[in-house]
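I have placed the structure first, in the form of structure tokens, so that the comments after it can refer back to it.
In the UniProt record's numbering, the protein residues as written are 1 to 219.
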């Protein structure tokens with residue numbers, strides 16, 4: 001594939017397959033119609049994080065290769081929901097460009113103090129600076145599992161490559177909705193669990209997710 005900017009070269013060389021963004025399943029229908037909007041573009045009661053202390057409300061928060069399962073766990077607790085009700089979007093990592101911002105840890109740390117821009121900022125989330133990286137971790141995973149890539153404005157529907165559901169979530173109507181949008185449907189349990197994710201990484205692998213049989217949900 002042609003590389004349109006230096007960010008693409010990093011994405012390719014590190015074999016990054018996806019960015020991840022999680023949300024409650026109740027937001028799915030609207031996202032499949034309109035894409036993933038930044039917090040500024042949606043009502044506050046629909047924000048994943050009602051505080052957004054990072055201050056970057058014009059951006060969509062994503063993580064690299066794996067969901068931020070630590071943040072997801074906190075979100076489940078704060079919203080008093082069940083982990084099975086949350087979904088993970090697989091986003092094309094080549095959406096990253098000069099408008100994107102990067103943070104080597106959770107962007108909310110010290111109200112967004114560590115968020116920066118540029119190619120070096122992108123590469124920095126994979127380095128050992130301030131944190132000892134386990135040498136067994138694969139190259140596509142940031143050194144801090146809460147590192148973020150902030151995407152400006154909106155992630156359009158054509159950049160969403162898949163939706164990962166919890167393995168215990170079953171809803172034929174929801175699966176049909178995703179299938180009708182021609183988006184890949186997958187399932188996992190370990191991707192939603194920070195402790196299991198860490199065990200996989202320390203073995204030099206990533207948590208497994210697997211496809212749902214599309215034919216079961218076609219009309």
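Ideal Cβ placement from N, Cα and C applies to all residues, glycine included. Owing to the predicted nature of the structure, the values given are computational and were not obtained by experimental measurement.
Going by C-alpha to C-alpha distance, which of the options sits closest to residue i?
{"i": "residue 4", "options": "187, 195, 93, 169", "result": "93"}
{"i": "residue 28", "options": "206, 163, 211, 125", "result": "163"}
{"i": "residue 39", "options": "153, 120, 144", "result": "153"}
{"i": "residue 197", "options": "186, 207, 25", "result": "207"}
{"i": "residue 189", "options": "203, 7, 209, 175", "result": "209"}
{"i": "residue 134", "options": "37, 107, 200, 59", "result": "200"}
{"i": "residue 169", "options": "59, 58, 82", "result": "82"}
{"i": "residue 13", "options": "185, 140, 72, 183", "result": "140"}
{"i": "residue 59", "options": "126, 156, 70, 184", "result": "156"}
{"i": "residue 161", "options": "211, 126, 102, 6", "result": "211"}
For residue i, which three-state DSSP category applies?
{"i": "residue 94", "result": "helix"}
{"i": "residue 167", "result": "coil"}
{"i": "residue 127", "result": "coil"}
Does the beta-carbon of residue i have 16 or more other beta-carbons within 10 angstroms, so that it is buried, or is it exposed?
{"i": "residue 132", "result": "exposed"}
{"i": "residue 11", "result": "buried"}
{"i": "residue 187", "result": "buried"}
{"i": "residue 128", "result": "exposed"}
{"i": "residue 203", "result": "exposed"}
Any heavy atom of the ligand ADP closer than 7 Å to the beta-carbon of residue i?
{"i": "residue 177", "result": "This structure simply doesn't include the ligand ADP, nor any ligand for that matter."}
Taking 8 Å as the threshold (C-beta atoms), are residue j and residue i in contact?
{"i": "residue 22", "j": "residue 66", "result": "no"}
{"i": "residue 150", "j": "residue 107", "result": "yes"}
{"i": "residue 62", "j": "residue 101", "result": "no"}
Give a yes or no on whether the minimum CB-CB distance between residue i and chain C is below 8 Å.
{"i": "residue 142", "result": "Absent from the structure: chain C. Only one protein chain is present."}
Segments assigned alpha helix (DSSP H), at least 4 residues, entirely inside the segment 152-200:
Those alpha helix (DSSP H) runs which fall completely within the segment 152-200 and span 4+ residues are 172-180.
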